[in-house]
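Undergrad:
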Amino acid sequence: MSNANLGNRNKDNKNRRIRSMKKGKKRMLFKRVLQVILAIVILGFVSLGAYTIVAIAQTPDWDPTLLAGQKESSIVFDKDGQPVAQLHASENRLSVEYEDIPQLVKDTFIAVEDKRFFEHHGFDIIRIMKSALDIVKSGEVVSGGSTITIQLAKNAFIEDPTALRLSRKIQELVLALQIERAYTKEEILTFYLNRIYLGQSSFGIRTAAQTYFGKELDELNPAEVALLAGLPQAPSAYDPYINPDKAKTRRNIVLSVMKDAGIITESEFEQYKEEPFTFVEQVKAKEAKVELPTASTRNKKHPYYVDYVINELQDKYDLSAEQIFNGGLKIYTTLDTKIQAAAEKAFANPANFPKSVDEIPVQGAMTVLESETGAISAMVGGREYTPMGLNRAWQSKRQPGSTAKPLIVYAPALEHGGYYPGSVFDDMPVKYKDGTGGIWAPENYDTQTTGWRGLITMREAIRYSVNVYAVKLMHALGVDYAWQFGKNNLGLDLKESDKYLSMSLGTFQISTLEMASCYATFANNGVRNEPYSVVKVETRDGKTLVEYTPSSQRVMKETTAYIMNDLLRSVVTSGTGTRASLGNWYICGKTGTTSLDPDIYGNRTGNPDAWFAGYSPKYVGVVWMGYDKDPDKNHYLRRVYGSSYPTTIWKEVMTVAHEGLQVQSSIPRPKGITTVTFDRKSGLLPSSLTPDEFISTEICAVDSVPTSVSDIWIEVKVDPNNPDLIVSDDTPDAVTRICLNLPDRPEDVPWPKDELPYKPPSAHNADKESDPTGITTPPAGDSSIPQISISAPVYNSNTTVVNVPVLTEYDPGEYSLILYIKRPGVDYVETFQPEDNRTKSISYRLASSGSQLKPGSYTFWAALMRNDSFTIGPPSNPVTLNLTN
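The numbering used here puts the sequence shown at residues 10 to 894.
1) Taking the beta carbon of T782 as the centre, do at least 16 other beta carbons fall within 10 Å, making it buried, or is it exposed?
2) Suppose you measure from the CA of R190 to the CA of A162; what does that come to, to the nearest Å?
3) On a CA-only basis, which of D455, P700, T568, K282 is nearest S713? Give me that one, please.
4) Using a Cβ-Cβ cutoff of less than 8 angstroms, which residues in the same chain neighbour R563 once the five nearest sequence positions on both sides are dropped?
5) Which residue comes first and which comes last in the beta strand (DSSP E) that contains E547?
6) Closest by CA to V183, which one among T199, T156, Q209, N203?
7) Based on DSSP bridge pairs, tell me the residues matched to V555.
8) Quick check on N616: does DSSP put it in helix, strand or coil?
9) Measuring CA to CA, which of I197, Q219, D820 is closest to D123?
10) For S674 and W594, which I take to be in contact (beta-carbon distance under 8 angstroms), what is that distance rounded to the nearest angstrom?
11) Could you give the first and the last residue of the continuous beta strand (DSSP E) run that contains Y341?
12) Residues in the same chain with beta-carbon distance under 7 angstroms from F132, minus the five sequence neighbours each way, listed in chain order, please.
13) If we require 3 or more residues per run, which beta strand (DSSP E) segments fall completely within the region 414–476?
14) Excluding the five sequence neighbours on either side, which residues of its own chain have a C-beta within less than 6 angstroms of the C-beta of Y107, listed in chain order?
15) Please classify I385 as buried or exposed, where buried requires at least 16 other C-beta atoms within 10 Å of its C-beta.
16) Return yes when the Cβ of G239 is within less than 7 angstroms of the Cβ of R259, no when it is not.
17) Looking only at its own chain, which residues have a Cβ that is under 7 angstroms from the Cβ of P821, when we skip the five neighbours before and after it?
18) For N891, I'd like the list of residues in its chain whose CB is within less than 8 angstroms of its CB, leaving aside the five on either flank, ordered along the chain.
19) Let's see if you can read the secondary structure: which residues bound the beta strand (DSSP E) around W722?
20) Locate the alpha helix (DSSP H) running through S526, then write down its first and last residues.
21) Mapping DSSP to helix, strand and coil, what is M375?
22) Using a Cβ distance threshold of 8 angstroms, determine whether the region 484–501 contacts the region 790–805, with at least three qualifying pairs required.
23) My understanding is that G549 touches G391, with C-beta atoms under 8 angstroms, so please give their C-beta distance in whole angstroms.
24) Can you give me the Cβ contacts of E300 inside the same chain, cut-off strictly under 6 angstroms, excluding the 5 residues immediately before and after it?
25) Under 7 angstroms, Cβ to Cβ, is there at least one residue of chain C near Y654?
26) Can F9 and M573 be called in contact, C-beta distance under 7 angstroms?
27) Which of the three DSSP states is assigned to P755 in this structure?
28) Who does A387 pair with in a DSSP beta bridge?
29) Tell me the DSSP secondary structure of K163 in three-state form.
30) Would you list the one or two residues that DSSP bridges to E844?
31) Once DSSP output is grouped into helix, strand and coil, what is the label at N891?
32) For the alpha helix (DSSP H) containing L328, list its first residue and its last residue.
33) Looking at the structure shown, is T868 part of a helix, part of a strand, or coil, going by DSSP?
34) A589 and K660: beta carbons closer than 7 angstroms?
35) At what residues does the beta strand (DSSP E) containing K831 begin and finish?
36) Does the Cβ of I134 have 16 or more other Cβ atoms within 10 Å, making it buried, or fewer, making it exposed?
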């Protein structure tokens, strides 16, 4: 063999050894990975087995008597540990035997809650998987994952719904198997249908049938049975009295299940899904001599508050109604009985509410929170209590009007930066495209009576609740940014359909509880707490089932919260909320009203809703007032504003809340706040032309201090005898006037009083003095508007003020006055609108005080202008004033 062949063979052997070593390493690595995975699986099974053993060991004792409903009242305690209510439901259950339950009812509940009820032995793997898939597909709970037997086990035996979910499910399964061994399917179904909670304090299907329909079970039609069968998953959410739309949707889902199960036909499905709700009140059922419960509690001193506690236990902590009413629990709450009693007293006083147009009363609601913690101190959900009925304090969501502006406009702007209380927008007519492609022209609540305010600051806009400013600010800020801030930072329940400029005026829905939580964030220096009423729940043997854990989140800068507090303080000290003042307490607040839809109500004046939200460093209180519904377009508030009845109630309650507390008349200023000197007509730094009367100081976050100098003021050369006449720079004796440079401001809208002296002249002096527009006489006007008469003018030479008496009576709510002036030697006419449209004599200054007027004949006319359309009527008879040297 040659040396070359030998070398090649050695090389091949070496390569084979290398490949073999690599394969060996791979096999070893795979083997180790497999060992690790196997160890993890074994460890998982061992851990799960140990966990299961522990869970089973902690399963409640088997006590068959509990299935029959052994009961012990639960007790609700206030914040001081004093009992305020006993919760029980012994009288809330009308039992029924298996043979008396109609087959329609049995089949429907089984189809919805447990389709294979008669086939399984306590649990149903297929059902659990299908329930999860249904939720993924439709986003709607069509049927639950628990079997009827498991639900019965949970209601009868499980005391701690807050236990780890897996542990609880294991225990429920063990108990379900025991139930299945001890009872027949018919007995289990009967236990279930007699125990199940179906809302409105109704335990069992017979009670629910009486509560909702005033009928016995055998009188129910498929639509009515479907509604009852849809309630177990979420009785409050699908309550037909409180949430009729959701209840109807849920009912129709159940009808579809009934159709698929062959319980009803296709034609019956089409018939019953359109059937309207025809519920009866409990009182009507009683009149029919049906024995029904009158309440779910006894000795309940503060029912609206206690009802909310029950809801929180069910929705937040997953306690069943059976546990709450019959479990012998001790429920400790944040209720302040002193404040609650004051709120109930205020709502029971008819003088605190406007008179209704008929027997349907004006309703209201109030929520009081601790500013620092979010603890609910008091809650009233209406003027008259209905057991477990509508609690307007948290279940009624209404449009908030101007009380939304701090939440959705001003706080977002301050948090964004670049805005501060001195930021200026022009309160003048403006138009935007609305969501439908039409035109939206927002107005202020007092535009027609007081006119437009012109260039105003953020502080002025909040103080006087100016709508147009808020709309313009949101437009500049961005609707999406404001929407995101309200939803994500303050937790507002905003929908995509709310994302329009009109949101700035409070067109979304909110409850007094939600609003109180938002305003508490300002009072708590930008830190938000979820409102809560339950502090702790103990079982009859002292075991803690529920214990509140504080959860705070900073949602805005401390500087933002401080400035918002300072701005809202202005509302109470000198704005629309002055009635809310509480001695020397540092009180902040905001009024709000909503407007009638002109497409529905035409030109009627009134409000669907009136609000007041106010707070101190200690407590936040929010009051809403209005009708529940307006079926005949006649039930709305008349001459009721947030500053009237709602503020009166707020002050009455909050006065009691603050009794005995050390007065806090100020709040500490955080780092990052400074004071800036600024031009009140631009929001920028003053220029050399800024008149002293418009130079002010304002607080500001250090990152939002204005750096630009005001450019809104200009110098104009005018005739010395006529300050409204522009002349060339080389005109002898020409006078310099400081004027506001607002070329985009509408020409036909009167200027506000403080800006009128700075309105730029529109007329120019030429070889022949004439108006560039060519208007040499008053316009003919709209003949549908009444023509007025005036008499000879009266002139004061010392002040150059002329008074023109108006002889014709007119409605100042519908019309304003316009004065036309024609000076000697000119072809054009000037126009002037007096600030007070109720005057019977128009006063007009012909020249600056001390200036000499050109001699000759001055002619005057007057006319009426519609407040809603700015349309001007025909001119009056002319009157003249002759001046000589």
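Every residue, glycine too, gets a C-beta built ideally from N, C-alpha and C.
TA: With the given structure in hand:
1) The residue labelled residue 782 in the question sits at position 773 within the sequence shown. Reliability of the predicted coordinates at T782 is poor, the pLDDT of 40 falling under 50, and no value is obtained from them.
2) Taking the first residue of the sequence shown as position 1, residue 190 is located at position 181. Taking the first residue of the sequence shown as position 1, residue 162 is located at position 153. Those two C-alpha atoms are separated by around 13 angstroms.
3) Within the sequence shown, the letter at position 704 stands for residue 713. Of D455, P700, T568, K282, the residue nearest in Cα terms is T568.
4) For this step, residue 563 is matched to residue 554 along the sequence shown. Closer than 8 angstroms at Cβ, skipping near neighbours: G535, V536, R537.
5) Taking the first residue of the sequence shown as position 1, residue 547 is located at position 538. Looking at the DSSP string, the run of the beta strand (DSSP E) that includes E547 is 543–547.
6) The residue given as residue 183 occupies position 174 in the sequence shown. Of the listed residues, the one whose Cα sits closest to V183 is T156.
7) Locating residue 555 in the sequence shown gives position 546, where the first residue counts as 1. Answer is V546, bridged to V555.
8) For the purposes of this step, residue 616 is taken as the residue at position 607 of the sequence shown. Three-state result, N616: strand.
9) The residue you call residue 123 lines up with position 114 of the sequence shown. When each option's Cα is compared against that of D123, the closest is I197.
10) As a position in the sequence shown, residue 674 is number 665, starting the count at 1. As a position in the sequence shown, residue 594 is number 585, starting the count at 1. Yes, they are in contact, since the Cβ atoms of S674 and W594 sit about 7 angstroms apart, within 8 angstroms.
11) Here residue 341 is taken as the residue at index 332 of the sequence shown, counted from 1. Where Y341 is concerned, the enclosing beta strand (DSSP E) stretches over 339–342.
12) As a position in the sequence shown, residue 132 is number 123, starting the count at 1. Answer for F132: T156, I159, L182, A185, listed in chain order.
13) 433–436, 463–466
14) Here residue 107 refers to the residue found at position 98 of the sequence shown. E195, T199, listed in sequence order.
15) Within the sequence shown, residue 385 is the residue found at index 376, counting from 1. It is buried - the Cβ of I385 has at least 16 other Cβ atoms within 10 Å.
16) The sequence position of residue 259 within the sequence shown is 250, counting from 1. The sequence position of residue 239 within the sequence shown is 230, counting from 1. In this structure, G239 lies closer than 7 angstroms to R259 by Cβ.
17) Position 812 of the sequence shown, counted from the first residue, corresponds to residue 821. N846, R847, listed in sequence order.
18) Looking up residue 891 in the sequence shown gives position 882. These residues qualify, in order along the chain: G865, S866, Y867.
19) Position 713 of the sequence shown, counting from 1, holds the residue named residue 722. Run containing W722: 722–728, per the beta strand (DSSP E) assignment.
20) As a position in the sequence shown, residue 526 is number 517, starting the count at 1. Its alpha helix (DSSP H) spans residues 521–532.
21) Residue mapping note: residue 375 aligns to position 366 of the sequence shown, counting from 1. Strand.
22) no
23) Here residue 549 is taken as the residue at index 540 of the sequence shown, counted from 1. Here residue 391 is taken as the residue at index 382 of the sequence shown, counted from 1. The amino acid occupying residue 549 in the given sequence is Arg; Gly does not appear at that position. About 33 angstroms; that fails the 8 angstroms criterion.
24) The count along the sequence shown starts at 1 and reaches residue 300 at position 291. The pLDDT assigned to E300 is 37, lower than 50, so where the model puts this residue is not dependable; a value taken from the coordinates is nonetheless given after this. Here the set comprises nothing.
25) The structure shown contains no chain C, having only a single protein chain.
26) In the structure as shown, the chain begins at 10 and stops at 894. Residue 9 is therefore absent and cannot be evaluated.
27) Mapped onto the sequence shown, residue 755 falls at position 746. Note: P755 maps to coil in three-state DSSP.
28) Reading the sequence shown from its first residue, position 378 is the one you call residue 387. Answer is V377, bridged to A387.
29) On the sequence shown, position 154 is the one that residue 163 refers to. Of the three classes helix, strand and coil, the one that applies to K163 here is helix, per DSSP.
30) Along the sequence shown, read from residue 1 onward, the residue named residue 844 stands at position 835. Partner(s): none; E844 has no beta bridge.
31) Within the sequence shown, residue 891 is the residue found at index 882, counting from 1. Strand, per DSSP.
32) Within the sequence shown, the letter at position 319 stands for residue 328. Where L328 is concerned, there is no enclosing alpha helix (DSSP H), given that its DSSP letter is neither H nor E.
33) Looking up residue 868 in the sequence shown gives position 859. Strand.
34) Position 580 of the sequence shown, counted from the start, is the residue given in the question as residue 589. Position 651 of the sequence shown, counted from the start, is the residue given in the question as residue 660. Yes; because the gap between Cβ atoms is below 7 angstroms, this pair is in contact.
35) The residue given as residue 831 occupies position 822 in the sequence shown. Unbroken beta strand (DSSP E) run through K831: 824–831.
36) The sequence position of residue 134 within the sequence shown is 125, counting from 1. By the 10 Å Cβ count, I134 comes out exposed.
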